[in-house]
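Trainee:
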Amino acid sequence: MTTPTPRANSGPSGTSDAPAVPAVPGPLAALPDADPAARERLHARLVDGAERAGLLDVAYRTLETPVGPLLLAATEEGLVRIAYGVQDHDAVLADLAERVSPRVLRGPARLEQTVRQLDEYFAGRRTRFELPLDLRLSTGFRREVITRLPDIGYGRTESYARMAAAAGSPRAVRAVGTACATNPLPLVLPCHRVVRSDGSAGGYAGGAEAKRTLLTLEAA
Amino acid sequence: MALRPFEEIVTEYGPMVLRVCRAVVGPHDAEDAWSETFLAALRAYPELPEDARIEAWLVTIAHRKAIDVVRADSRRPLAVAEVPEPAVGGSGTGGPGAPAASANGQAQQPPWERDEELWDALKALPRRQRAAVAYHYLAGLPYREIAAVTGVSTDAARRAASDGITSLRRSLPGRTEQRTDAGARQRRAHQREERGERP
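As they're listed, the protein sequences go chains A and B.
Start counting the first sequence at 1234; every next residue gets the next number (my numbering).
Start counting the second sequence at 35; every next residue gets the next number (my numbering).
1. Would you mind telling me which residues of chain B sit closer than 8 Å to A:A1286, beta carbon to beta carbon, in chain order?
2. What span of residues does the beta strand (DSSP E) with A:G1301 cover, start to end?
3. Under the assumption that B:R203 contacts A:L1264 (Cβ atoms under 8 Å), give the Cβ distance between them as a whole number of angstroms.
4. What separation, rounded to the nearest whole angstrom, lies between the Cα atoms of A:M1396 and A:G1432?
5. Does B:L92 come within less than 9 Å of chain A when only Cβ atoms are used?
6. Using 8 Å as the cut-off, can you tell me whether the stretch 183 to 203 of chain B makes contact with the stretch 1294 to 1306 of chain A, which would need three or more C-beta pairs spanning the two stretches below that distance?
7. Return the CA-CA distance between A:A1398 and A:H1276, expressed in angstroms with no decimal places.
8. For A:E1297, return the contacting residues in chain B, with the cut-off set at a CB-CB distance below 9 Å.
9. Around the C-beta of A:G1357, are 16 or more other C-beta atoms found within 10 angstroms, so that it is buried, or is it exposed?
10. Would you report the Cα separation of A:P1299 and B:D85, rounded to the nearest angstrom?
11. Thinking C-beta only, is A:R1361 closer than 9 Å to A:P1383?
12. Quick one: Cα of A:R1407 to Cα of B:R98, how far?
13. Cα separation between A:L1447 and A:V1280?
14. Taking only three categories from DSSP, how would you classify B:R161?
15. Please report how far the alpha carbon of B:S198 lies from the alpha carbon of B:R77, in whole angstroms.
16. Reducing DSSP to helix, strand and coil, say where A:Y1437 ends up.
17. Which partner residues of A:I1315 appear in the DSSP bridge assignment?
18. Tell me which same chain residues have a C-beta within less than 8 Å of the C-beta of A:P1336, skipping the five on either side of it?
19. Please list, in chain order, the chain A residues whose beta carbon lies closer than 7 Å to that of B:R53.
20. Counting only Cβ-Cβ distances shorter than 7 Å, please list the residues of the stretch 1333 to 1363 of chain A near chain C, keeping chain order.
21. List the residues of chain A that B:L234 touches, going by C-beta distances under 7 Å, in chain order.
22. Reducing DSSP to helix, strand and coil, say where A:V1257 ends up.
23. With a threshold of 8 Å, are at least 3 pairs of Cβ atoms found where one atom belongs to the stretch 171 to 185 of chain B and the other to the stretch 91 to 107 of chain B?
24. Use the C-beta contact count for A:K1444: other C-beta atoms within 10 angstroms, 16 or more gives buried, fewer gives exposed.
25. Quick one: which chain B residues come within Cβ less than 7 Å of A:L1305?
26. For the ligand NAP, I want to know if A:L1304 counts as a neighbour, meaning its beta carbon is within less than 8 Å of at least one of the ligand's heavy atoms.
27. With DSSP as the reference, label A:T1298 as helix, strand or coil.
28. Using DSSP with H/G/I as helix, E/B as strand and the rest coil, what is A:Y1387?
29. Output, in chain order, the set of chain B residues within a Cβ distance shorter than 9 Å of A:L1422.
30. Thinking A:A1394 and A:V1378 are a contact (beta carbons under 8 Å), I'd like their distance in whole angstroms, please.
31. If you drop the 5 nearest sequence neighbours on each side, which residues of the same chain put their C-beta closer than 6 Å to that of A:P1269?
32. Among B:T45, B:F72, B:E41, which has the Cα closest to the Cα of B:C55?
33. According to the neighbour-count rule (16 or more other Cβ atoms, all chains shown, within 10 Å of its Cβ), is B:E211 buried or exposed?
34. What are the start and end residues of the beta strand (DSSP E) that includes A:R1339?
35. Rounded to a whole number of angstroms, what is the C-alpha to C-alpha distance between A:V1257 and B:L172?
36. Give me the subset of the stretch 1396 to 1426 of chain A whose CB atoms are less than 7 Å from a CB atom of chain B, sorted by chain position.
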């Protein structure tokens, strides 16, 4: 152990063979390098200040549900993204930073209404969502498809083929599948209600099991 | 590679900036300085070059905000330094920490906040030395970057940090150093400096 004698020059020439990294000098070591209470307090204050200054471009939180943890993200316009755990929440946040804005903060307040409605849905007390949506992550034909999804009522299903026909392109069955697979707002735009023509469930962004869980919930 | 979500910046650098703010403006104004710094950083973030050094960028903003906070402080009546204020929590979302501490009196203050020796020693430093010490030893900035932040030459920044830490060690003898991530950052900064520009 080195004695903390005053050094006029702190330059650690020869640190390569020193066992430890240069330390925070004794006089400053009293200042805590982690302060969880202050961190929470300051984070809340930052989110609050950002919201009031119009700088909270994307607010997010996670929610535990019967289909696993969901990432919920909203812009000032509305809910912009829901992502399943299997979709890797960190990757989804990085994608939001790139495609929407890097001003992304954990801010649960903006998502209160979404959380309440999802809780009601999973409790079987809600059959449709009434939330402002921001559809900017979906364009063109895909957007056309996903905005029609709420037409499939709670507890019912529709085939990819009939969705394609409804969108005016009966031969675009595969494109409908892609639109559902890339739906930025699953659950709220119920792509889980689109199934194969033979009645089997088909794929789902949240995984086949999540799709079965949702269809079972709605059939009850 | 695009900019990361700002939340990651807060998580990764927030504690370091808070420590720097505490060292530079003291415990009572530090949270104001931190909040102003991160709000300004959030505002400017989309324009940040992707290869920018985040530490130096944040410290640059914190340096300006610290000057603002200190100026505002000097226009306030006396006794601010002695009486701990509750953190100014925006619209009451300041959280439970600060109000509880002030409501229950000084007994709730953490030990470092009651460390009058430390605060007296820091206050006794010329402002430039106090800043250089914090930016070098807590933020891990190399002297070249401290020079850019504080508007002096690299040699002057090195001298300020050196003189500052010498007089802190004299005022506060026998305190044990601490090995942390900040130390690792500091070493990397030193190594860069040693490779690059040390005469």
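The beta carbon of each residue, even a glycine, is placed where N, CA and C say it ideally should be.
Mentor: Working from what's here:
1. Looking up residue 1286 of chain A in the first sequence gives position 53. Neighbours of A:A1286 on chain B, chain order: L73, R77.
2. Looking up residue 1301 of chain A in the first sequence gives position 68. It spans 1301 to 1307 - the beta strand (DSSP E) in which A:G1301 sits, taken as one unbroken run.
3. Residue numbering aside, residue 203 of chain B sits at position 169 when the second sequence is read from its first letter. Residue numbering aside, residue 1264 of chain A sits at position 31 when the first sequence is read from its first letter. Actually they are not in contact, since the Cβ atoms of B:R203 and A:L1264 sit about 15 Å apart, beyond 8 Å.
4. On the first sequence, position 163 is the one that residue 1396 of chain A refers to. On the first sequence, position 199 is the one that residue 1432 of chain A refers to. Cα-Cα distance, rounded: 14 Å.
5. For the purposes of this step, residue 92 of chain B is taken as residue 58 along the second sequence, with counting starting at 1. Interface residue (Cβ-Cβ distance to chain A less than 9 Å): B:L92 is not classified as such.
6. Not touching, per the Cβ criterion.
7. Reading the first sequence from its first residue, position 165 is the one you call residue 1398 of chain A. Reading the first sequence from its first residue, position 43 is the one you call residue 1276 of chain A. Rounded to whole angstroms, A:A1398 to A:H1276 spans 49 Å at the Cα level.
8. Within the first sequence, numbered from 1, the residue matching residue 1297 of chain A stands at position 64. Simply none; closest approach about 19 Å.
9. Here residue 1357 of chain A corresponds to residue number 124 of the first sequence, with the count starting at 1. It counts as exposed.
10. Reading the first sequence from its first residue, position 66 is the one you call residue 1299 of chain A. Reading the second sequence from its first residue, position 51 is the one you call residue 85 of chain B. Rounded to the nearest angstrom, the gap between the Cα atoms of A:P1299 and B:D85 is 41 Å.
11. Here the question's residue 1383 of chain A lines up with position 150 in the first sequence. Here the question's residue 1361 of chain A lines up with position 128 in the first sequence. Yes.
12. Here residue 1407 of chain A corresponds to residue number 174 of the first sequence, with the count starting at 1. Here residue 98 of chain B corresponds to residue number 64 of the second sequence, with the count starting at 1. Cα to Cα, A:R1407 sits roughly 56 Å from B:R98.
13. Taking the first sequence and counting its residues from 1, the one referred to as residue 1447 of chain A is at position 214. Taking the first sequence and counting its residues from 1, the one referred to as residue 1280 of chain A is at position 47. Taking the straight line joining both Cα atoms gives about 33 Å.
14. Within the second sequence, numbered from 1, the residue matching residue 161 of chain B stands at position 127. Reduced to three states, the DSSP call for B:R161 is helix.
15. As a position in the second sequence, residue 198 of chain B is number 164, starting the count at 1. As a position in the second sequence, residue 77 of chain B is number 43, starting the count at 1. The residue asked about is misnamed: residue 198 of chain B is Gly in this sequence, not Ser. Their backbone Cα atoms lie some 33 Å apart in a straight line.
16. Looking up residue 1437 of chain A in the first sequence gives position 204. Of the three classes helix, strand and coil, the one that applies to A:Y1437 here is coil, per DSSP.
17. In the first sequence, the residue the question calls residue 1315 of chain A occupies position 82. A:L1305.
18. Position 103 of the first sequence, counting from 1, holds the residue named residue 1336 of chain A. The sequence shown places Arg at residue 1336 of chain A, rather than the Pro named in the question. The answer, listed in chain order, is A1283, L1288, L1289, D1290, V1291.
19. The count along the second sequence starts at 1 and reaches residue 53 of chain B at position 19. Residues of chain A passing the Cβ test: L1264, D1266.
20. The chain labelled as chain C is not found among the protein chains of the depicted structure, namely A and B.
21. Past the boundaries of the shown model lies residue 234 of chain B; chain B is included only from 35 to 233, so the question cannot be answered.
22. Position 24 of the first sequence holds residue 1257 of chain A. A:V1257 falls in the strand class under three-state DSSP.
23. Two segments are said to touch when three or more pairs of C-beta atoms, one from each, lie closer than 8 Å; by this definition the stretch 171 to 185 of chain B touches the stretch 91 to 107 of chain B.
24. In the first sequence, the residue the question calls residue 1444 of chain A occupies position 211. Result: buried.
25. Numbered from 1 along the first sequence, position 72 holds the residue referred to as residue 1305 of chain A. What A:L1305 touches in chain B: nothing, since even the nearest Cβ is about 14 Å away.
26. The ligand NAP is not among the ligands present in this structure, which contains no ligands whatsoever.
27. Taking the first sequence and counting its residues from 1, one reaches residue 1298 of chain A at position 65. Strand.
28. Taking the first sequence and counting its residues from 1, one reaches residue 1387 of chain A at position 154. It is coil, neither helix nor strand.
29. Looking up residue 1422 of chain A in the first sequence gives position 189. Near A:L1422 there are no residues of chain B at all, since even the closest Cβ is about 24 Å away, more than 9 Å.
30. For the purposes of this step, residue 1394 of chain A is taken as residue 161 along the first sequence, with counting starting at 1. For the purposes of this step, residue 1378 of chain A is taken as residue 145 along the first sequence, with counting starting at 1. Actually they do not touch by this definition, with Cβ atoms about 13 Å apart.
31. Position 36 of the first sequence, counted from the start, is the residue given in the question as residue 1269 of chain A. Contacts found: none.
32. In the second sequence, counting from the first residue as 1, residue 55 of chain B sits at position 21. Minimum Cα distance to B:C55 is reached at B:F72.
33. If you number the second sequence from 1, residue 211 of chain B lands on position 177. It is buried - the Cβ of B:E211 has at least 16 other Cβ atoms within 10 Å.
34. As a working note, residue 1339 of chain A is residue 106 in the first sequence. 1337 to 1339 is the extent of the beta strand (DSSP E) around A:R1339.
35. Against the first sequence, residue 1257 of chain A aligns to sequence position 24. Against the second sequence, residue 172 of chain B aligns to sequence position 138. Rounded to the nearest angstrom, the two C-alpha atoms are 7 Å apart.
36. none
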